[in-house]
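Report on one structure; see the data block that follows.
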Amino acid sequence: MRNTFTKEERLCAKRRIDTLFKSGSSFVLYPFRIVFVFEKNNETENSSPCQSIISVSKRRFKRAVDRNAIKRMMRESYRLQKSNDLIPFLLRHNVTLYLAIQYVGKQILAYDVFHTAMNKMLKKLQDECADAYLEKGN
382 MRNTFTKEER LCAKRRIDTL FKSGSSFVLY PFRIVFVFEK NNETENSSPC
432 QSIISVSKRR FKRAVDRNAI KRMMRESYRL QKSNDLIPFL LRHNVTLYLA
482 IQYVGKQILA YDVFHTAMNK MLKKLQDECA DAYLEKGN
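Here the sequence shown stands for residues 382 to 519, where the numbers follow the numbering used here.
Structure below.
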């Protein structure tokens, strides 16, 4: 599987974003806050199994240069690690995941910290997905 982060993998639909933040579950794993919601796949849909938003607070980081640098590191670490466990799990269970990754740290961290934190976050997200999916009995 190629490590890409294409337009189809980005969550852009306003209705889905509203649904995500109104009815989604969330957890915090420093330096990220994750909001997620599942949707059962339709056979007619050919979209990505996981669509995500990556955001950094303007209140904490006034300079756009800093926000963009953080988002760039988050996107890169997500892009490299999402296809390891999360995407195969979603494809196997025929589920679409809508995901918002928000940066809650107060300072810019090194890339290796982002990489390890993203790895932990994706593992925890997969566990949360398995719990939610298996509880419903789907």
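We treat Cβ as the ideally placed atom computed from N, Cα and C, and that holds for glycine.
Buried or exposed by the 16-neighbour rule on C-beta atoms within 10 Å, applied to residue i
i: K463; result: buried
i: C510; result: buried
i: A445; result: exposed
i: S404; result: exposed
Cβ-based neighbour list, residue i, same chain, cut-off 7 Å, excluding 5 preceding and 5 following
i: R441; result: K487
i: H496; result: S458
Residues bridged to residue i [DSSP beta-bridge criterion]
i: Q432; result: Y479
Where residue i sits in the DSSP three-state scheme
i: R383; result: coil
i: I415; result: strand
i: V437; result: strand
i: F408; result: strand
i: R396; result: helix
i: R444; result: coil
Spatial distance of residue i from residue j (CA atoms)
i: M502; j: F386; result: 18 Å
i: K421; j: C431; result: 12 Å
i: V494; j: R473; result: 30 Å
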